[in-house]
Amino acid sequence: MADPLKEALFVVLDVSASMQHHLEEAKEAVQMLVNQKILFHKQDAVGIAVMGSLTTRNTLNEEHGAGNYEQLSVVQVMAPVSFQTVSAVNDVCIADGRADLIDAMCLAMDAVIKFVGTRKFSKRVLLISDCNSPADVNGVQLDEIANQLKASSMVFSVLGVGLDAPHRTPQQEHTLAVLNALEEKVGDNFALMSLARASDLLRALKKRSVRPSTAFRGSLKIGEAHLPVWSWRKVCKTAAVQMKAVSKAALDDEEASKQPDKTVAVERRAYVLARADGDGVAADADEGGVLSTELIEREVKPEDRINAYRYGRDLVPVSSMEEEELKFGVKEKCLELLGFVPQTDVPRHVFMSAPEAVVGDPEKPDAHRAMQALIAALEEEQSVGIARYAPRAAAPPRLVCLWPARKCLWLVGLPFAEEHRAIDWPPPATPRPTAEQLDAAGALVDALTLPRDGEPLRPKDVHNPRLQRTYQCIQHRALAPSGGGNALPPPSARIALPFVPDPALFGRAAPEIRRFGEACVVSEAVEGRKRGGGGERGEAKRLRAEEGDVGVGAPLQLQSSSVVQVDSGKPVDTFWTMLNDETQDLVAKAIAEMSDVIRNLLKRAESAADQFGMKAFACLRELRTGSVHYEEPEAYNALLHELKSEYDESAKSHLWHALKEDVVGGKGHGLITRDETEESEVSVEEAKAFWGRTSAPTQDMPAEAEEQEEEEDEYGDLV
Amino acid sequence: MDLLLDDAENEYAELGAESDKEIPQKDCVLFIIDAHERMTRRSHGEPSPFMQALRGVINTMQDRILTGDNDMFGVLLYGTKKAQVPNDHQGFPHIFLLQELDLPSAESISKLNRLLESKEDPAFGHLEAHSSETCDFSNVLWVTSMIFNTSKQAKQTRRRAYIITDNDSPTGSSSSPRQQAITRACSFWREIMSKVRTNYKGTADAQELELLNPENLSDSWVHSAVCFSEDELASRLKRRSQRKRILGRLKLKINEDTEFSGCMVSMIRSYAKPPAIKLDAATNEEIKTHTMRICNVHGTSLQPVDLWRGYCYGGKWILFEPWELKALGREDSEQGLVLLGFKPRDRLKLYHNMKPAGFWQPLETRAGSTVAVEALVESLHKKERFAVCTYRRSTSEVRLVALLPQPLQLDPNTNSVVMPCGLYVIQLPFAEDIRELKLLPSMTESEFTPTELEAAHELVRSLKLAQAPVGTVPNPLMHKHYAYLRAVATHESDTKPTVDGTLPDAIFLEERRGPIRRFMEAFNLPSEAPTSSASSSKKPKAEKIGPPQSTADWKELWQTQGLTSQTMTTLKSFLKELGLPVSGKKADLIARIQEHLLAEATDADTLLLGNHSLIATELAS
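In order, the protein sequences belong to chains Z and G. If you're matching positions, the first sequence starts at 1 in UniProt numbering and goes up one per residue. If you're matching positions, the second sequence starts at 1 in UniProt numbering and goes up one per residue.
Right under this line is the structure:
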C-alpha cells in the first residue's frame with residue numbers, strides 16, 4: 001500500500017525563557033513548513049502547541065485535572081492547514097513557564113491520533129526545543145511511548161537548538177539522554193536533528209509531490225506473445241499557478257470580499273452578423289430611401305451550432321454523427337512491437353514527447369524477468385524497439401520507440417511524416433573553420449565543461465523559476481503585515497542562481513573564451529532591417545531589442561557611420577553612431593537631437609513603466625553617459641532642469657517622481673557633476689540639492705495623494 | 001555570389017523585424033508545366049511526364065492542406081493550343097492558366113484529378129513540337145510575373161515558381177541571348193526528368209532582373225537551378241516545396257564579448273488535428289464569440305485593468321496586478337541562448353525531454369557567426385559534449401535547454417546539404433516536472449538462465465527492421481480526417497480506406513514466429529492478453545450500461561452476481577413492475593428478486609442458478 005499522501009502534523013514549540021534567542025529561528029522554520037503545506041499540500045492538517053507558556057490550555061489537562069500537563073497550551077488545534085495556522089505561529093512569543101517535555105510529547109501524539117482516527121493520514125510530530133525543559137519519565141513509561149509511536153506508525157522528530165556539546169547544561173544532558181534512549185527504542189520513526197539543518201532542508205525549493213499513476217497497463221505485444229507491462233509518466237509539465245480573476249471594484253463590498261473569486265462572472269456570447277432585413281427594419285430603410293446594409297449581431301444558441309473543419313480554402317461543416325468518421329482510434333488500447341532498429345537510427349533530437357517508463361507488470365514476476373532480459377538484450381545489441389502505442393481505447397495510434405535503460409524501457413513518441421519537415425537547405429557557407437579555429441573551439445569546450453563530480457545543473461535540481469518566484473511572491477504578500485508589502489520582493493537567490501553563468505567557471509575560462517573570440521572574429525550586429533514595422537508594436541519590439549542588446553554605457557562600434565541624425569526609432573544606436581563618428585564632429589548635434597527625442601518620448605509617455613516612459617529613461621541614461629564621455633555636460637544638465645520645471649508640478653508629475661526614484665535607486669539620472677567631468681560647473685552638493693528641494697515628502701506627498709483621490713472620485717462618478 | 005545565398009538572406013531579412021512568435025509565412029507557389037505534345041507521350045507504360053507533373057502538383061497541394069500551411073497554389077501551362085491569361089490580356093498565345101493563385105480547395109484538387117483521369121484530350125490542347133507556332137518562353141515569364149504582381153493573394157508572401165519541363169533549354173536554342181539571360185535571372189527551379197543533367201546556375205544580371213521585377217528585388221523568386229534525374233517527381237516536388245520555417249531570431253551568448261546571431265528553425269513539431277470551427281447551422285456562417293467579464297457586485301463589464309489575479313493562500317486571498325505576474329520568474333534573464341557550460345553527452349538522460357527539439361542555426365547578422373558556430377559544433381561533436389543554456393524568447397518563460405551539436409552533413413552522391421551545421425535545442429524538464437518512480441530493481445545477467453538470455457537476444461536480432469520508421473509514416477488520423485473532409489466537400493461517396501502505417505507487419509512477424517515462440521516459452525508469457533488484470537489495482541469502474549430492461553437481463557445479472565451492483569431505484573422499479581413490495585433494505589430487495597426469478601426459472605436455469613446460489617452462500621459463509 002502506498003503511503004497516504006496526506007499528513008497530520010503536530011508541532012510543539014518550546015517557548016520557555018531559555019529559548020529566548022532561538023525562538024525566531026524556530027518560528028521561521030515552522031512558518032516555512034506551514035507555507036509549503038499551504039502551497040503544495042492543502043489537505044494536510046497541522047496543529048500547534050507551545051510548551052512553557054504561562055497559561056495551560058489543552059484537552060489532556062482538562063481530562064486529567066490540574067497538576068497534569070501544566071503550562072502546555074494548544075494555540076492551533078489540529079485542522080486542515082490554513083492562513084490561521086500562519087497567524088497562530090506568528091503570534092507565538094516567549095514566556096516564562098516550565099513544562100515537561102514528555103508531557104508535550106504525549107499531548108502531541110494524543111492530538112494526532114485523535115484527529116486522524118481511522119482516516120488515511122501519515123502522522124508526524126515535530127518538537128522544537130533547546131531541551132532545557134525537564135523530561136520526567138521512567139523506563140516503563142518510555143517503553144509505552146515507544147510502543148505507541150511504533151503502533152501508530154508515527155514519525156517523531158525533535159529539532160534541537162543551542163545544543164552545542166561543550167556548553168550543555170546538566171538539564172540538557174539529562175533530557176538528551178532520555179531522548180537518545182527513546183531513539184534507541186523506536187528506531188527509524190524517531191529523529192533528532194539540529195534546527196539549523198532542518199531549516200536548510202526546508203529552505204530548499206520545493207515541489208508538489210505527486211503520486212504517480214500508471215499511464216498504461218496492458219501487454220507489450222510481440223507477434224503472438226503478450227508481455228504484461230505497466231507504464232508511468234516520468235516527465236510531466238507542471239502547470240502554472242492557477243489564479244482567479246477578482247474584480248477590483250467588488251472588494252469594497254464587504255459580502256463580496258469574503259469570496260473574491262466569486263466576484264467575476266464570465267459571459268460568452270456566440271453570434272453571427274446578419275443583415276438587418278427583418279420586416280420592420282426593411283420598411284424603415286425604404287422610408288429613408290436607403291437600403292439598409294447595417295449588420296446586426298444575431299445570437300446563436302448552442303443547439304444551432306455545427307462544427308466545421310478547414311480543408312484548404314473550404315470550410316466543411318460536419319454533423320455530430322459524421323464527426324465519428326473523422327476520428328481514427330484504436331479499438332483496444334495497445335502497445336504492439338513493430339521490430340527493432342539500431343539505436344543510431346533514432347537520433348536523440350527526433351524525440352517528440354516526454355517519456356514514459358515501461359516496466360514488466362510488477363505483480364507478475366515472469367513479466368518483470370522477461371522485460372529485464374529484453375532490456376539486457378537491447379542494450380547489448382545497441383537496439384531500440386519500435387512500437388505502435390495507443391494508451392486508451394479510441395485514442396489515435398502513434399509510433400514510439402522503446403529505449404532500454406537500466407530499470408525500464410523509455411517510451412518516447414516518434415514523428416509522423418507530416419511532423420518532420422524535410423527542408424531544402426542552401427549549400428554550406430563557404431569559409432569552413434580553419435584548424436586554428438577548431439583548436440580554439442576545442443579549448444573553449446574543455447575549459448567550460450562542467451565538472452562530473454557534484455554535477456551542477458542537473459534537471460532534477462533546477463526548479464522552475466516562474467513557479468518558484470510565484471510561490472515566493474504569494475508567500476511574501478501573504479505574510480506581509482496588512483497594508484504594507486505591496487512591492488514584490490526581489491527574486492530569491494535560490495531561484496535565480498542556476499540561471500546565471502557560474503562566474504568562477506567563466507572567470508577561469510576567460511583566456512580560452514578570448515582566444516576563441518580572437519580566432520573567430522564576430523562583428524557587431526548590422527541592423528539590416530528593411531521594414532519600418534511602424535506602430536506601437538514595432539516600437540515596443542525595437543525597444544526590447546535595444547534593452548536586450550545594448551549594455552548601458554557601452555559605446556557601440558557600429559560599422560556604418562553615415563548616420564547624421566538621431567533616429568527616433570533607434571535613438572540609442574544612432575546616437576552612439578553619431579558620437580563615435582570620426583569623419584565629422586556630430587557630438588553637439590547628437591546630444592541636441594537626443595534631447596529632442598527624449599522630450600518627445602516623455603510627451604507621449606503616460607507612465608514611467610510604459611514603453612515611451614521606459615524608452616525615454618533609457619535614452620536619458622545613454623545621453624548622460626555620452627555627455628560624460630564627450631565632456632559636454634551643459635546640454636544634459638539643462639535638459640534635466642527643463643524636465644524638472646515641466647513635469648515636477650504638472651499632471652504628469654509621476655514621471656518626474658519615477659525619475660527621482662531611479663536616482664535614489666542608484667540608476668543615475670542625476671546632474672553631471674564636477675567629479676565626473678571638469679567641464680561641469682555643478683558640484684556634488686548642488687546635484688544632491690537639485691533633487692532634494694522637491695523631494696521633501698512632507699510637502700509633496702499629501703498634495704499628490706489628494707490629487708489621486710480627486711481623480712478616483714471623478715472616476716467613480718463615471719462608473 | 002551564389003543566388004541561393006541571396007535568397008536565404010532575404011528570407012532572414014524579412015523575418016528580422018518580427019522575431020517573437022511563429023509568423024504565418026505564406027508561400028505563393030506557381031507550377032509552370034510544359035504542356036507541349038512531347039510531354040504527353042508515354043514511355044514504357046509509365047504515365048506521361050505531363051500526367052506525372054499533374055499528380056505531383058495534386059500531391060503537393062494535398063500535403064499542404066494536411067500540414068495546415070496557408071500556402072497559395074496556381075497552375076500555369078504553356079505550349080497549349082488555346083490561351084487563357086488573367087484579365088484576358090491578348091498577345092500571349094499558348095499560355096493557359098489552369099488554376100489561379102489561391103488556397104487549395106477540394107474543388108481545385110478535384111478539377112485536377114478529373115483532368116488526370118479523363119481519357120480525352122483536354123480542352124486546352126497540346127502544341128505539337130513540329131508545329132509552326134511556338135510558345136515564346138519569355139512570354140511565360142511575363143505572365144508569371146504578371147500573375148504574381150496582380151494577385152492580391154500574393155501580397156506579403158514569398159513567391160516561388162516551379163517550372164516542370166523535359167526540355168533542356170526552355171527558351172529554345174534560337175532565342176536571343178537576352179532571353180536566356182532572363183531565364184537565368186528569373187532563376188527558376190527546373191525539374192528535368194529521365195536524364196541526368198549538369199548543374200545549371202547562372203549569375204544574376206541586375207538589368208535583366210529589373211526587367212522582370214521592376215519594383216523590388218526582394219520579391220525573390222525561387223532559384224535553385226538544380227537538375228537531376230528522379231523517377232518520383234511527386235515526392236520530389238513535395239520535398240522541394242517544403243521550406244524552412246523560422247520561428248525567430250535568437251542569439252547564442254557565451255559571455256559579454258562573445259555572441260553569435262542565429263535563428264530557430266522548426267524542423268519537427270507535433271501536429272494535432274486542427275480544432276473545429278463553430279458554424280451557425282442555419283446559414284453555415286462562422287460564429288463569432290465575444291467574452292465579457294462582469295462584476296457580480298456592480299454589474300459592470302470589466303476590462304483587464306479592473307481585475308486582480310487572486311490566489312487563495314490557506315483561506316487568505318493574495319491579490320496581484322496582472323502585469324505583476326507577467327514578469328515573474330524572468331527578471332534579469334536575458335533573451336536568447338546563454339551558455340552555462342558544457343557537459344559530457346551521457347549526462348543528457350533519455351528522459352530529459354519535454355517536446356520536439358528545435359534547431360538553431362547561425363545567421364550572418366553578426367558576420368562571422370557561421371564559422372565560429374561551426375567550429376564550436378565540430379568540437380562539441382568530436383568531444384561528445386553538449387551545451388547547457390538558458391533559453392528565453394521575449395514572450396516565454398526561462399527554461400534550461402540542452403544544445404546537441406549537428407555538424408554539417410552532406411549527401412555523398414550529390415554533395416547537397418542533408419543537414420546544415422547547427423544545434424538541436426532540447427528543452428529540459430525542471431525538478432517540478434520530473435516524477436520520482438519507484439521501479440523494481442534491475443536484474444543482472446547472472447540472474448538469468450542461458451536459455452532466457454539466448455531467447456531475448458535471438459528475439460532482438462531476428463526482429464530487426466530494415467529501416468527505422470522515423471518521420472516516414474503518415475499519421476493515419478490526419479489522413480482519414482482530410483480524406484473524409486474532401487469527400488464531403490466534393491460530394492464524393494467513395495473514400496479510400498485509411499492506410500494505417502503504424503500497424504506491425506504481420507508477414508514480417510509471422511516469418512519470425514520461431515524466436516517469438518522461444519521467447520514466450522522461456523518466460524512463460526501468455527499468448528493472449530490477460531483480461532482484467534489491467535485494472536487489477538484500481539476498482540473496476542461501474543459499467544456504463546443502462547439498467548436491465550427485460551427479465552432475461554435480470555436473470556443474467558443474477559447469474560453473474562450483478563444484482564448487488566444495481567441501484568436501489570432500479571431494484572425498486574423492477575419490483576414495482578412485478579407488483580412486489582418495495583420496502584426494506586437493499587439485501588431484502590435483492591432476496592425478493594432472486595426468489596421471484598427462481599420461481600420463474602426453467603429447469604435448466606434452476607440447475608445453473610442453484611449451483612451459483614450454492615457458491616454464493618459458500619462464499620458468504
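No residue lacks a Cβ here, since even glycine has one placed at the ideal position from N, Cα and C. Bear in mind the structure is a predicted one, so any value in this text is a computation, not a measurement.
Three-way DSSP call (helix, strand, coil) for residue i in this model
i, result
"CYS227 (chain G)", "The predicted model places CYS227 (chain G) with a pLDDT of 31, which falls under 50 and marks its position as unreliable, so this point remains unresolved."
"MET19 (chain Z)", "helix"
"GLU285 (chain G)", "strand"
"PHE83 (chain Z)", "helix"
"LYS253 (chain G)", "strand"
"SER48 (chain G)", "coil"
"ILE327 (chain G)", "Note that residue 327 (chain G) is Ala in the sequence shown here, rather than Ile. ALA327 (chain G): helix per DSSP, three-state reduction."
"GLU120 (chain G)", "coil"
"ARG529 (chain Z)", "Note that ARG529 (chain Z) has pLDDT 39, beneath the 50 cutoff, so the model's placement of it is unreliable and the number below is only indicative. Here ARG529 (chain Z) sits in coil by DSSP."
"HIS243 (chain Z)", "Here residue 243 (chain Z) is Met; the residue named in the question, His, does not match the sequence. Coil, per DSSP."
"PHE690 (chain Z)", "helix"
"GLU267 (chain Z)", "strand"
Whole-angstrom C-beta distance between residue j and residue i, which should lie under 8 Å
i, j, result
"ARG124 (chain Z)", "VAL155 (chain Z)", "5 Å"
"VAL235 (chain Z)", "ILE164 (chain G)", "Their Cβ separation, rounded to whole angstroms, is 47 Å, which puts VAL235 (chain Z) and ILE164 (chain G) out of contact at 8 Å."
"GLY97 (chain Z)", "CYS131 (chain Z)", "Contact flag wrong, Cβ pair sits at about 16 Å."
"residue 628 (chain G)", "TRP403 (chain Z)", "A query on residue 628 (chain G) cannot be resolved here, the shown segment of chain G reaching from 1 to 621 and no further."
"LEU363 (chain G)", "CYS263 (chain G)", "5 Å"
Paired residues, beta bridge with residue i - DSSP
i, result
"PHE386 (chain G)", "G:LYS343"
"CYS401 (chain Z)", "Z:ILE386 and Z:VAL412"
"ASN307 (chain Z)", "Z:VAL318 and G:LYS278"
"ALA8 (chain Z)", "Z:ALA45 and Z:LYS123"
"SER627 (chain Z)", "Its beta-bridge partners do not exist; DSSP assigns none."
"MET264 (chain G)", "G:GLY248 and G:TRP360"
"VAL229 (chain Z)", "Z:GLY218 and Z:GLY360"
"CYS520 (chain Z)", "Bridge partners of CYS520 (chain Z): none, in fact."
"ARG275 (chain Z)", "Z:LEU295"
"THR570 (chain G)", "DSSP lists no partner for THR570 (chain G)."
"PHE617 (chain Z)", "None, per the DSSP bridge assignment."
Contacts that residue i makes with chain G (C-beta to C-beta distance below 7 Å)
i, result
"ARG57 (chain Z)", "Those do not exist, as ARG57 (chain Z) stays about 23 Å from chain G at its closest Cβ, beyond 7 Å."
Interface partners of residue i on chain Z, CB under 7 Å
i, result
"THR368 (chain G)", "Per the sequence shown, residue 368 (chain G) should be read as Gly rather than Thr. By Cβ distance, chain Z contributes CYS520, VAL521, VAL522 and SER523."
"PRO420 (chain G)", "TRP425 and PRO428"
"THR414 (chain G)", "The premise fails here: THR414 (chain G) is roughly 11 Å from chain Z at the closest Cβ pair, so nothing lies under 7 Å."
"GLY310 (chain G)", "MET243, LYS244, VAL246, PRO260 and ASP261"
Chain Z residues whose Cβ lies nearer than 9 Å to that of residue i
i, result
"ASN284 (chain G)", "ILE306, ALA308, LEU315 and PRO317"
"TYR162 (chain G)", "In chain order: nothing, as chain Z lies at least about 12 Å away."
"HIS491 (chain G)", "Residues of chain Z passing the Cβ test: none, with the nearest at roughly 11 Å."
"THR291 (chain G)", "VAL266, GLU267, ARG268 and ARG269"
Neighbouring residues, chain G, relative to residue i (Cβ below 8 Å)
i, result
"LYS615 (chain Z)", "Going along chain G, no residue has its Cβ under 8 Å from LYS615 (chain Z), so there is no contact; the nearest lies around 16 Å."
"THR263 (chain Z)", "CYS295, ASN296 and VAL297"
Under 8 Å from the C-beta of residue i: neighbouring residues of chain Z
i, result
"THR258 (chain G)", "ILE513, PHE516, GLY517 and VAL522"
Closer than 9 Å at the beta carbon, the chain G residues around residue i
i, result
"ILE296 (chain Z)", "Result: empty, since nearest Cβ-Cβ is about 13 Å, beyond 9 Å."
For this session: With a floor of 4 residues, list each alpha helix (DSSP H) that falls wholly inside the stretch 440-491 of chain G, ordered by position along the chain.
Result: 450-462 and 476-490
Exercise. Can you list, in chain order, the stretches of the alpha helix (DSSP H) that have 4 or more residues and sit fully within the stretch 132-200 of chain Z?
Worked result: 139-151 and 170-186
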